Each structure stands twice: as structure tokens, then as C-alpha cells.
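Going by UniProt numbering, the sequence shown opens with residue 1, and the numbers climb by one from there. Glycine included, C-beta positions come from ideal geometry on N, C-alpha and C. Predicted model, so just to flag it, every value in this text is computed and none were measured. One structure is given here, and the rest of the page talks about it.
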Amino acid sequence: MSSFGVSDGQLAETVSDSDRAGTVSDGTLTEAVPDGSRAASNGGSTDECGREQEHVSMLYGRLDDLREQASRRRDASLRATGGTPQARAERETAITLYTDQLAQLSAVENGLCFGRLDFSGGERHYIGRIGIFDDSGDYEPLLLDWRAPAARPFYLATAASPEGVTRRRHIRTRYRKVVGLDDEVLDLTATRRSAHEDVTGEAALLAALDAGRTGRMRDIVETIQAEQDRVIRDDLGGALVVQGGPGTGKTAVALHRVAYLLYTYRQQLSTRVVLVVGPNETFLRYISQVLPSLAETGVLLGTVGDLYPGITARRPEPPEAAAIKGRLEMTDVLAAAIRDRQQVPEKYIDLTIDQDMLRLDRAICEDARAAARRTGKLHNLARPIFDTEVIHALSLQLAEKIGTDPYADDPLGDDDAPGDPQILEEADLAEIRRELREEPEVKAALDWMWPILTPQDLLSDLYASADRLATAAPDLSDAERALLLREPGGGWTPADVPLLDEAAELLGAHDKPVDALAEKRRRERIAYAEGALEIMSGSASYEFEDEAESEILAATDLLEAERLAERHGEEARLTPAERAAADRTWAFGHIVVDEAQELSPMAWRLLMRRCPSRSMTVVGDVAQTGDLAGTSSWAQVLEPYVDHRWRLEELTVNYRTPAEIMAVGGGLLAAIDPALRPPRSVRSTGVEPWAARVEPEHLAEGLVDVVLREVAEVDDGRIGVIVAAGQEEELGAAVTKAVPEAAVGEQPDLSSRVVVLTVRQAKGLEFDSVVVVEPARILAESPRGLSDLYVALTRATQRLGVLHTEPLPVGLEGLRPVAVEKSASPAGV
1 MSSFGVSDGQ LAETVSDSDR AGTVSDGTLT EAVPDGSRAA SNGGSTDECG
51 REQEHVSMLY GRLDDLREQA SRRRDASLRA TGGTPQARAE RETAITLYTD
101 QLAQLSAVEN GLCFGRLDFS GGERHYIGRI GIFDDSGDYE PLLLDWRAPA
151 ARPFYLATAA SPEGVTRRRH IRTRYRKVVG LDDEVLDLTA TRRSAHEDVT
201 GEAALLAALD AGRTGRMRDI VETIQAEQDR VIRDDLGGAL VVQGGPGTGK
251 TAVALHRVAY LLYTYRQQLS TRVVLVVGPN ETFLRYISQV LPSLAETGVL
301 LGTVGDLYPG ITARRPEPPE AAAIKGRLEM TDVLAAAIRD RQQVPEKYID
351 LTIDQDMLRL DRAICEDARA AARRTGKLHN LARPIFDTEV IHALSLQLAE
401 KIGTDPYADD PLGDDDAPGD PQILEEADLA EIRRELREEP EVKAALDWMW
451 PILTPQDLLS DLYASADRLA TAAPDLSDAE RALLLREPGG GWTPADVPLL
501 DEAAELLGAH DKPVDALAEK RRRERIAYAE GALEIMSGSA SYEFEDEAES
551 EILAATDLLE AERLAERHGE EARLTPAERA AADRTWAFGH IVVDEAQELS
601 PMAWRLLMRR CPSRSMTVVG DVAQTGDLAG TSSWAQVLEP YVDHRWRLEE
651 LTVNYRTPAE IMAVGGGLLA AIDPALRPPR SVRSTGVEPW AARVEPEHLA
701 EGLVDVVLRE VAEVDDGRIG VIVAAGQEEE LGAAVTKAVP EAAVGEQPDL
751 SSRVVVLTVR QAKGLEFDSV VVVEPARILA ESPRGLSDLY VALTRATQRL
801 GVLHTEPLPV GLEGLRPVAV EKSASPAGV
């Protein structure tokens, strides 16, 4: 799930505590904070802002110096040429290092410094996105990286436990200009504890929560709360599960945890790479700017459908089919499908070799197959064993034909008759076997009996054949096998990727295609070099016309095309993340799995294979599980791999979803699982969620009317229209006709004012206003309809409305009924 973020990375629109009074649920924050620790949120005096501006300007000056220095060093490395192989390798490393530094320094341009801590001993620390030090003196810190231990009181200090802090200041900037200050004076003598003592930086936090959405998640580095900080700074080792309801900031916490881990374990993780797995491409685009804004640019983001190199799996399929593919039993199905391809002839295969007829009978082939299987090698790696056994049997047949003359028993023949038996030596038999291996008929027979298979070949052939499916999956019902049956081509589904990965493990790598590709590229380079030398040679023949000049050595006299091709065969400069993306066997240093409750057992098997250390951050909410293959228990998915060696952290405070909206979601949560408790909202908006019923024939028209009024209500904010998948095309067309800039489709542009999307697409996203259309149809359409509806109803940060033609489902009857009238906003909304 996503978390709150600051619009455009700024807090320029922060309002004062007095303006916020009465907006926080569970006993208002401002009333609960002790008098001695009230935040002074009036924007700061002109003098104070001026003094902070001096420091911030100095920090930006140092940032510019660091950027110019890295640029100069990178350019010098790029200009350098020649040298030993070691020198060239060092130069490549330097280029990568300085390029990464430039990317990081550019990424923190916005909001470089956002806080200050004043301590009782007189020390003062500024807090920001990176650490900057005074290299002209004693290397004193000018700016503390938010991840440094010394910066932690910025997130943890409270009036009840100030940790030596007398004042915490939030510095609000727009670009490089200080535009406001929010101070919290922590009274050491205060004895009364806050009802919301887990909420720090109240003014900055509420400003961030109330700021309009931008279509991209923003970092929360300025407003991290204590329970979030505890998760972010947890140890690297083992599997950490972060369970939390809507709006608790799970996704933001997980991403900030990645930044913290990379800061703390840089040497260990930078080369092994951190992988972040999200539910879909829309979600990944939504979170794509968070890590760069935290100066981390080397993290690999992808979906499960992206985790097989060379394949981007986006093909849709019925959820029932995906659920079948997600079962662990599919490992047995794949193993059986591979054994099924190790076939022998029903009786025999006749082969004609140089006019000699050889026969491969079933017994020979069965013996060869048994010998290959006894080795225990994977399918493709066992093929040479099978080949050797078959070729040996064929060579004995051919040797017998060559070494036996039909007239050898003729009593009239003398000792030198051509028909006398001949004894072939081992060298002769070896030559026969070598020649047999090159015979097209023999190759075809071997390929039929024991084919070299890619995972794609295996799975495509399996899906395309009802007979193969029946043989490989006898425990599946006829209806289940029918769901898997499909014509070849058309791409792969996300649920296919774990199966492709499993098939690769069962088949074993085969280097012939790789070698062939490498050889093809080598020959292309040589051909290019030959062309270049030919041009040079042709030019020289015209240039050197007299005999004396023709004695001068030219490049063509000293270089062969092959040597020239080798010399200029430069490898692409790939970052560790790029290398990891291209390598199926890469072992990641850490994996973050968001919306983890949706993953199938086969997907978990794939991820565990990618992370042998089991260093993982698992983020999700079992109450929001929508996929049939998903889980309702973390123990169920993790204990087969880590036993009881996993730990659970729960986020209990809802920062995004107002209390009024969460009350609606809480009713559904009780229906999903009475044992689950909704997170407590940190604020209320005073706007009650509403429901409007229209006639079915007026649904599209009514939706357009509601959307137009919501656009007017949220100003520059974002509106999400969440519909059932079966209505997305129809209702999306109606909305885009009325609001041309609205986005709809498989990859909607989240920066659009209005976005029409399905529940699956909406997971992890947030909008200022949400209109949920036809909740009864969402319930009926989804295999886990209550969970999907719960997701849909908890995407809003400000306003929620429900438009329906059918009676409201159980749990939503309490929504305030309103009427939708043309040219009039729903009453009271």
C-alpha cells in the first residue's frame, strides 16, 4: 500500500496548528500536546528565515561544488585512453562511480535540507537527504544524512522522551529558497503524555497529508513517524514482514528502508543489488521517484512478470487459470512434462546412413534413456549421455556391416578375398561415432527422442496440447486443464513467469544457443573490421603512386581483421542493477515485496530462489488479498522457506485515510475477518462519504456529472474512478469524452486529473477524491470481492463517493444518501 506524500516535494502550503485544531481524530492532536511543547507553525520570523536561508544557501553551494567535482573527474576518466587491461578496468570503475555520484547529487536538489535539531548542550544539527561535510576544516558535518544514527532524534524525540532535544525545526523550502519554519519546543518538564505520542512533527505531517496528490508517490523523509522509523531501521538479516492496513505508509516505509539499508550496508548491497517487486507497472511508475529523491538510483524495480530475462509478461488470463499456475503442485506437472518429452519409438526407427540401413529399436532407446536418467543430471545436461548411448549402439551396427563380407564363408575364396572378416580398431570406431553424430537423420532422431528444450518451448508445447496436459497433470480436473489450454503465441502471463523459472531449473542451462549467438556477433565484428581495412587498403592504393612511397607500412600491413575486431570489441557499461535484470540466476542482496499478500506459492518459490540469504522485506495486508492464488497468512507462505525465523512488525496508524472514510472500510473489514482491526486514522476531514443511486441507463451520464463536480471540489488534486473490470471500457469512454485529459487503459497516466481504473490497477495508489462505481458488481466480479471492495474504498485522502444502480452491499448501507442532479453537486457534498 502507498503512503502519504508531499505535493511537488514541498511543504509550502503548510497551515498553522491553530488552523488544524479539531481536525485530528481520537482527541485532537493539538489539544493533546502539552503546552510546553506546542509547535510554533506561523511560518517563522523574517529574521529566522533569513538565518536559515544563509545556511541552506551554503549547503547548496557545497552541493554545486561536489557536483562540479564529480563531473570533472568523470570527464577526465572518459577522455583517458589506452593503458593496461587493469588500467582500463579501473577507468571503467571510476566512470561508473562518478556517474552514480552525479545522479545522486542531482536527485537531492529538491528539499536538500529539511530539518534542524537543537540540543540541550548547545549543539545544533541540520538534517537532510544526504550528508555534507566541511572538508576545509575538521570535516565537521554541515548536513546530517537522515539515515545517520545522529539524525534519529529528528523522528523519535517527543515531549515525553526528548532524547536531549530542546527544539525540532522543520525547514520548508521551495527549490533553493526557505519559505517557512515549523518549530516544536520539547518541554523537558512536561509530564502529561500525548494521546498521539507516536505522531511527531505535527504541522509538517498534517500539511503533507492535506497536500494534493500529484500522480506520483513522494518520499516521507521529512515526516517519518516513530513506528515507521522502527521498521525502516530494522536489521538487514532475515525476513521482516510489515503488516498494515490502508494508509499506514507500508510502501513508503519499505522504500525508505531500502534507502536506509543501502546507506548502512553499502558495500554489501551495492554490488548484489536490491530488488523491489510491485504488483503492476502502474504501481511501479507511481513509486518510481521515491528512491531517486533519497539519492538511491541503483535499485531494480519490477513485477513478477519481469523476473524472467528477455520476457515481459503482460498477457491477461482468467484468475482461475492464474490460481492453478500458482499452486506448488505445478512443480510436479513440469517435471512430468519434461519426462514426457524423453520419448522412445513404439517399435523402432530406421535410419539410412551412406546406403546402409541401421535400426534403432525400442529396447536400445529405453536403455539409453535409463542410462541418462540414472546420472541424475537435469534434462538438457543429460542429453549428451543419451546421445552417447544411442550413437554407440548405432556404431556397433555400422561396424558389423563394414567388417563382415557376405562371401567370407565361400569355400572357394582365398585368404586375401575381400569378404574376409575385418577387425576395426578403437580409433576406427571413434571415427564412425564422430561421423554418425553429424548425420542429419541421426540428429533428427535424437532431437525427437530427447530434445534440447528451453523453458518457453516446454511451456508452449504443454499449453498447446490437451494430450500433453493430460499426461503431465493427471491430478487436475478436465475443467482445470481446459483453463490451461491455449494456442501458441500471444505472449506470456505474469503467472507463467514462475513456471518458466521453475522449468529453467528443471531443464538445466544449455550453452549451445549462447555460444552460437556469441560466435555470430564475433563474426559480425570481424566482417566489419575487414570492411574497414579494405577501405583503408583501397585508399592507400591511390595515395601511394610512386614506388618509394609504396614501401611505407600501412595499418593493413600490421593488423588482421580478427585482431582488430577483438581490440574494438567493447563490452557495454552495465550497472549492477542492469546486470541483475539480465541474469536469471542473480542472487539479490535484499528483496522488497510489496502487496505481498497477492503472490502465489510459485511466485514465492521464484523469489526465494533469487534471494538465498532470505534477506527480505515483505509488505502487505492480508485483509486486502484479491487474487485467488494469494494468501491470508504470512506463516503459510514464509515458514516453508524460513521456518519460524521471520519477524512481524505492524503499522497501526492510518496517515492517509481520514477517519470518516476508514469507518466505511472498517465495516467491510469486519465482514472479511472479525479478528482484523482497522488502523486508527490520525485525522478527520469533516466530509462524510456519500452514496448516490441512479437508473442503470443513466449510469454513465451520472458518473460524468459526479466527476465534473469532484474536479471542481479538489482544485488541482487527483480523482480516481474505480470501476469493475467489465465496465472499464464503457465508463472510461464516457469520462474521457467529458474530460479529455482523463486517463484510462492498461497503463493510465497517473498525473492526469482524472484516472479511470480497476481495483487491481488501483492497489497501492492514492487519490484526493475517489468515486467507486457499482460496488455490487465489483463484489460479484472478483473471486475475493470483499477484499477488492475494501481496497477500492480506502484509496482516498479527502473525499469518497459511491455511485450505484444496484442495492448497496452489506456494510455500505450507512453511507449518506444523496441525489445526483444535472448541474448540481450531490446534496451536501
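Residue j beta carbon less than 9 Å from that of residue i
i	j	result
residue 324	residue 144	no
residue 494	residue 314	yes
residue 450	residue 342	yes
residue 279	residue 764	yes
residue 660	residue 689	yes
residue 611	residue 644	no
residue 576	residue 273	yes
residue 391	residue 365	no
residue 243	residue 814	no
residue 714	residue 768	yes
residue 252	residue 104	no
Residue i in three-state terms, based on DSSP
i	result
residue 697	helix
residue 616	strand
residue 763	coil
residue 481	helix
residue 343	coil
residue 163	coil
residue 492	coil
residue 834	Examination of residue 834 is not possible in this model, given that the chain is present from 1 through 829 alone.
residue 816	strand
residue 168	strand
residue 375	coil
residue 34	Unreliable positioning characterises residue 34 in this predicted model, as indicated by a pLDDT of 35, which lies under 50. The coordinate reading is nonetheless provided below. In the structure shown, residue 34 sits in coil (DSSP, three-state: anything other than H, G, I, E or B).
residue 303	strand
residue 757	strand
residue 354	coil
residue 83	coil
residue 111	coil
residue 651	strand
residue 724	coil
residue 11	Model confidence at residue 11 stands at a pLDDT of 26, short of 50, so the residue's coordinates are unreliable; what they give is reported in the following sentence. Residue state, collapsed to three classes: coil.
residue 173	strand
residue 600	coil
residue 509	coil
residue 810	coil
For residue i, the residue or residues it bridges with in DSSP
i	result
residue 126	116
residue 348	361
residue 646	239
residue 386	The partner list for residue 386 (beta bridge, DSSP) is empty, contrary to what the question assumes.
residue 141	133
residue 277	302, 593
residue 256	None; residue 256 has no bridge partner.
residue 690	801, 816
residue 244	651
Local Cβ density within 10 Å of residue i, reported as buried at 16 or more and exposed below that
i	result
residue 535	exposed
residue 57	exposed
residue 675	exposed
residue 662	buried
residue 245	buried
residue 81	exposed
residue 122	exposed
residue 710	buried
residue 177	exposed
residue 440	exposed
Expected contact under 8 Å - CB spacing of residue i and residue j to nearest Å
i	j	result
residue 241	residue 598	In fact, because the Cβ distance is near 14 Å, the residues do not count as touching under 8 Å.
residue 227	residue 797	About 20 Å; that fails the 8 Å criterion.
residue 126	residue 142	7 Å
residue 107	residue 288	With a Cβ gap of about 12 Å, residue 107 and residue 288 do not count as contacting.
residue 748	residue 776	With 8 Å as the limit, residue 748 and residue 776 do not qualify as a contact, their Cβ atoms being about 24 Å apart.
residue 301	residue 328	Contact doesn't hold; Cβ gap of about 27 Å is too wide.
residue 707	residue 771	7 Å
residue 790	residue 247	Incorrect: roughly 12 Å between the Cβ atoms, too far for contact.
residue 783	residue 628	5 Å
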